[in-house]
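In the numbering used here, the protein residues as written are 1 to 306.
Laid out in structure tokens, this is it:
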């Protein structure tokens, strides 16, 4: 087997933990795909009259999956992007305005779940009950979504089947950052010049096992982020003062052309005190950490494609 022989198919589950019918239409075009078995162990330390190692008994087995995808819209306003099923498994709800936009907002309940098939050579991993978190990462180049999921454990099996045929065409609407492509960057109502930005709604998936059941749940939500911007002069906006005063304000940024445009909006952001940094240009920059706060609840983050 070759290490680069990796493919993941993913779809939304109709009922939690029951899996989904997967085909090449559910292909996810990903980078840095990793799958890791997780769990705990009990040591069987019985009194046996002699020395030596003790057998360990695995329990609470589950699996962790991580990967990245490009950030982009479908190319048709009002049509979900090809990674929509993954977003729904990250405790986000989908709001479609036909022909206009698709918006993902925070769900008040556990949200949806996903099932996936991961092929690594002839090894086949079938995973149900997946829930996870997604982080939006803007850096020079192509913005990405960084995904981290947990799912229910099922032992992998051998398959002699050929790798599924995949269609990359729905995944090629991405564009790099740059003038006219990354726009409307604003922090606390002030237009800013960002060099990097990452935002995480903070939905933390955990494996929850009782005596009779197992499920991936969300333990809570703690939205956060960080960014690097060119420092505006203090007479324009004083982020040090706003951090000391615990002032809150909106943060937003858009990327991509109409139809494939993605806009991230966080309406109530607390900033931590900026840290000075030297930008590549020699200009003064700020590294700033963010706290994504709710207003009325479930409203601290949204991701819109239009």
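Built from N, CA and C at the ideal position, the CB exists for glycine as well.
All figures in this text were calculated on a predicted structure; none of them were measured in a lab.
- For residue 121, the CB contacts under 7 Å within the same chain, skipping 5 residues up- and downstream, are 1, 2, 5 in chain order.
- By the criterion of a C-beta distance shorter than 6 Å, residue 137 is surrounded in its chain by 144, 146, 198, once the five residues flanking it on both sides are discounted.
- A contact is defined here as three or more CB-CB pairs under 8 Å, and the segment 45 to 62 fails this definition with respect to the segment 162 to 178.
- Between the C-alpha atoms of residue 274 and residue 296 there is a straight-line separation of about 27 Å.
- Residue 93 sits in a strand when the DSSP states are folded into three classes.
- It is roughly 46 Å from the alpha-carbon of residue 279 to the alpha-carbon of residue 124.
- With respect to the C-alpha of residue 148, the residue from 30, 258, 193 having the closest C-alpha is 30.
- Taking C-alpha positions only, residue 176 is separated from residue 141 by approximately 5 Å.
- Separation of the CB atoms of residue 290 and residue 225 is rounded to 4 Å, and the pair is thereby assigned contact status at 8 Å.
- In the same chain as residue 159, and ignoring 5 residues on each side of it, the C-beta atoms closer than 7 Å to its own belong to 122, 124, in chain order.
- Burial check for residue 59: the Cβ neighbour count within 10 Å stays below 16, so the residue is exposed.
- For residue 172, DSSP assigns no beta-bridge partner whatsoever.
- According to DSSP, residue pairing for residue 76 in a beta bridge does not occur.
- The beta carbon of residue 100 is closer than 7 Å to those of 77, 78, 306 in its chain, skipping five residues each way along the sequence.
- By the Cβ test, the segment 24 to 40 is in contact with the segment 6 to 13, since at least three Cβ pairs between them sit closer than 8 Å.
- Here the alpha carbon of residue 227 sits roughly 8 Å from the alpha carbon of residue 195.
- The three-state reading of DSSP puts residue 71 in coil, since its state is none of H, G, I, E or B.
- When DSSP states are grouped into helix, strand and coil, residue 204 belongs to the strand group.
- Within the same chain, and ignoring the five residues on either side of residue 203 in sequence, the residues whose Cβ sits closer than 7 Å to its Cβ are 90, 91, 133, 218, 221.
- Approximately 19 Å separates the beta-carbon atoms of residue 72 and residue 201; this is outside 8 Å, ruling out the contact.
- Excluding the 5 residues flanking it on each side, residue 168 has same chain C-beta neighbours closer than 7 Å at 29, in chain order.
- Approximately 7 Å separates the beta-carbon atoms of residue 16 and residue 215; this is inside 8 Å, confirming the contact.
- Bridge partners of residue 51 according to DSSP: none are assigned.
- Linking residue 254 to residue 268 through their CA atoms gives a straight-line distance of about 17 Å.
- In this structure, the straight-line span from the alpha carbon of residue 70 to that of residue 262 is close to 11 Å.
- Using a Cβ distance threshold of 8 Å, residue 135 and residue 154 do not count as a contacting pair.
- Residue 213 has its alpha-carbon roughly 47 Å from the corresponding atom of residue 181.
- Per DSSP, the unbroken beta strand (DSSP E) holding residue 138 starts and ends at 123 to 138.
- If you look at residue 239, you'll find it in the alpha helix (DSSP H) that goes 239 to 244.
- No Cβ-Cβ contact shorter than 8 Å links residue 270 with residue 236.
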